[in-house]
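Oh and the sequence shown: position 260 is 259 in numbering that gives the first Met the number 0, straight run, nothing missing.
Glycine included, each C-beta is placed from N, C-alpha and C at the ideal position.
Note that the structure is predicted; figures quoted are calculated from it, not measured.
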Amino acid sequence: MKSRNTFMGTAAFAVLACLLSAGSLASGGEQGAMNVSSPRVVTPEQLTQLNDGEAIDDSWENSESAIEAVAEQLEAIGIANEVPESVQRPEGFGSVSVDIPAQTITIGWKGEVPQDIARIAGDNPEVTVNVVKAVYTDDELTEAGLKIIDELPELVDNDGYISVVSQRTDGSGLSATFRTTIPELNAKSVSSAIREITDVPVTLSIDDADDSSQVVPMVGGRQNDNSPFYAGAGIRLYGSTDINGGYCSTGFAVKGKSTGKDYMTTAFHCIHDSVGTSTGSVYSESGQSMGTWHRNAANVEKDKDAALITLGASRSVAGRAYWSGVNATISHPVDGYHSNKVGAQVCTGGANSGTHCNLNIIEKVVGFQVIPGETVTGGWLALAPSGIAVAQGDSGGPVYRHNTTNGKRMARGLISGAGTYVFPADTSKCSGNTLHITAGTKCSAAVYFVGIVPWMDELNVNLK
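Dropping the structure here:
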């Protein structure tokens, strides 16, 4: 019998500074028709009112299932925010967002709209599919955002950096947060420098880089995990003076496409150190050896904040994820995955704070920096309408959804860090929550995570 606890690492707790711009979702319109409607602006306050701070009931879950069924048909023809490398995305794609209560999928498109969208909309009358005009494609916004991250520091004499860039939900431009300690680098001067890099409109926020409440990594088994190891368990990582018993969480169990070997996953920043150590050991919180981590091209993907843990002799993993509190023994099978969309809901399952659901995805993130100088792409920002979304020690843990049809969990991504600008990550936010490690632990209502499709592609693995 396995005794299961949950915990997320304290040494590499990744918390990101971000000004949460209001998400906007288009609503209304006829199925399959090209219409540009007034966006429904979703603020944190409205999200709280929308869900009344309560758990999702089965009718809401079933409504999302209907939307996901249509989204899967769209994804099959490349119309999705995240698609495998094997799928060709049509030129002109802007974004996909959902409004679950209204049973609406909104697709942003630049240029001629594929006829397949109208066909899929006509085949699924229970879900409204709106197509709205996009000013920029997803590729154009991504290219502009990453260019800003790469080129802006040199234009400001390396006196600051971009900590996060997100797409505006309506596809009209970008939102960015610049961190500096130089008073002369104000919004006007930095915006002028950005205009030298791109013509894409950018909403800019300036942060004080000395303010530790803005950006903090989230490293911290379920506390007694043992082989076969599950998602959402606490681990300790060793390897250098920087990585000396730091706590993080396990992500999903995977299998290498080319190697055929099983691995466990966690966040890359959990094995980051200042001296470049190339390998180290991993133990469960109860002290059982799990395996080793390796900082090489085959085992880590820095720009997706993902890393593989190579299992030790006689060690194994299972396609299951812990559920419920920090000392939970409850687990559920992991069955497949879905791409992410603004408006969808997810749960986090880090080991230090347990499972948190009803988290609303409010932004697609072009790039963010958990470790200064290391840009992570393929990210999403989700917000808890009440309570917390993440705590220090949850890094690397699973982001998933509950499938009410079969009771299994559908993978959505890995926890990277906590958004802290509007919803500061601090110890007071943990009040009222049961944590495995409480001393000095920071919590936040906003969580950054990396979507599952990009990092599985880059690491050449499938879910186990």
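Return the Cβ separation of residue i and residue j in integer angstroms, given the expectation that the two are a contact with Cβ distance under 8 angstroms.
i: C247; j: T264; result: With a Cβ gap of about 11 angstroms, C247 and T264 do not count as contacting.
i: N461; j: K256; result: 6 angstroms
i: T376; j: D302; result: 5 angstroms
i: I106; j: V97; result: So it is not a contact: roughly 10 angstroms between Cβ atoms.
i: L458; j: A317; result: 19 angstroms between Cβ atoms; not a contact.
i: T426; j: I148; result: No, T426 and I148 are not in contact; Cβ-Cβ is about 30 angstroms, not under 8 angstroms.
i: E284; j: R314; result: Incorrect: roughly 15 angstroms between the Cβ atoms, too far for contact.
i: L203; j: S190; result: 5 angstroms
For residue i, which residues from the same chain have a beta carbon less than 6 angstroms from its beta carbon, with the 5 sequence-adjacent residues on both sides left out?
i: W108; result: G91, G93, V130 and A133
i: A232; result: G220, R221, D224, T249 and A350
i: E44; result: Low local confidence applies: a pLDDT of 38 at E44 is under 50, so the model's placement there is unreliable, with the coordinate-based value given in what follows. Answer for E44: no residue qualifies.
i: C442; result: I387, A390, K428 and C429
i: V335; result: Before going on, a small fix: residue 335 reads as Gly here, not Val. Correct list, in chain order: M409.
i: C356; result: C346
i: S226; result: R314 and S315
i: A343; result: V97 and I360
i: S64; result: none
i: G406; result: none
i: R294; result: S277
i: R88; result: G77 and V82
Hey, out of the options, whose CA is closest to residue i's CA?
i: V446; options: S415, T437, P182 and P453; result: S415
i: H401; options: R319, T168 and V95; result: R319
i: A186; options: D198, G159 and T168; result: G159
i: V201; options: Y229, A230, I161 and N326; result: I161
i: I78; options: A143, L307, K340 and T437; result: K340
i: F367; options: E125, I193, R178 and H355; result: R178
i: M455; options: T433, I329 and V253; result: V253
i: A297; options: K363, G311, T276 and T258; result: T258
i: A417; options: N80, T141, K407 and T440; result: T440
i: Q114; options: S277, G311, I76 and P124; result: I76
i: G392; options: Q102, Y399, S352 and P384; result: S352
i: A312; options: L203, A327 and V281; result: V281
i: A101; options: P124, R88 and R167; result: P124
i: I66; options: D122, G372, P89 and E84; result: D122
i: G80; options: A444, P371, Y399 and E362; result: Contrary to the premise, residue 80 reads as Asn rather than Gly in this sequence. Of the listed residues, the one whose Cα sits closest to N80 is E362.
i: L380; options: A444, E153 and P332; result: A444
i: G348; options: E153, L310 and Y399; result: Y399
For a quick check, are the C-beta atoms of residue i and residue j less than 7 angstroms apart?
i: S165; j: S174; result: yes
i: I451; j: G395; result: no
i: I196; j: K146; result: yes
i: I308; j: G290; result: yes
i: V369; j: H435; result: no
i: V128; j: I104; result: yes
i: T180; j: V163; result: no
i: V112; j: V69; result: no
i: A117; j: V199; result: no
i: V449; j: G378; result: yes
i: F251; j: P453; result: no
i: T433; j: V325; result: yes
i: T141; j: V365; result: yes
i: A327; j: L358; result: no
i: W292; j: G275; result: no
With a CB to CB cut of under 8 angstroms and the five nearest residues on each side skipped, what residues in its chain are close to residue i?
i: E74; result: V82, V86 and S338
i: E71; result: H337
i: Q287; result: D224, N225 and S226
Considering only residues of the same chain and omitting the five flanking positions on each side of residue i, which have a CB-CB separation below 7 angstroms?
i: D138; result: none
i: L151; result: I161, A192, I193 and I196
i: S330; result: R3, Y229, R319, A320, Y321 and W322
i: K463; result: A252, V253, K254, D261, V316 and G318
i: G244; result: R235 and Y237
i: T47; result: The predicted model places T47 with a pLDDT of 35, which falls under 50 and marks its position as unreliable; any figure quoted below should be read in that light. Closer than 7 angstroms at Cβ, skipping near neighbours: P384 and S385.
i: E84; result: D456
i: T136; result: G91, F92, G93 and K109
i: M33; result: Residue placement at M33 is flagged as unreliable, the pLDDT there being 24, under the threshold of 50; the coordinate-derived value follows with that caveat. For M33, where only same-chain residues beyond five positions count, the Cβ hits under 7 angstroms are V112 and V130.
i: L184; result: V155, D158 and G159
Restricting to runs no shorter than 4 residues, where is the alpha helix (DSSP H) found entirely within the region 112 to 166? Complete alpha helix (DSSP H) runs here, min 4: 114 to 122 and 137 to 154.
Where in the region 249 to 330 do unbroken runs of the beta strand (DSSP E), each at least 3 residues long, occur, reported from the N-terminal end onward? Within the region 249 to 330, complete beta strand (DSSP E) segments of at least 3 residues are found at 253 to 255, 261 to 265, 278 to 283, 288 to 293, 305 to 310 and 316 to 321, given in chain order.
Minimum length 3: unbroken beta strand (DSSP E) runs contained in the region 57 to 113: Segments of the beta strand (DSSP E) lying fully in the region 57 to 113: 92 to 98 and 103 to 108.
Residue ranges of each beta strand (DSSP E) within the region 339 to 366, 3 or longer: 344 to 349, all fully within the region 339 to 366.
Would you list, in sequence order, the uninterrupted alpha helix (DSSP H) runs of no fewer than 4 residues that lie entirely inside the region 159 to 203? You should have 186 to 196.
Every unbroken alpha helix (DSSP H) inside the region 367 to 418 [4 residues or more]: As for any alpha helix (DSSP H) of minimum length 4 sitting wholly inside the region 367 to 418, there is none.
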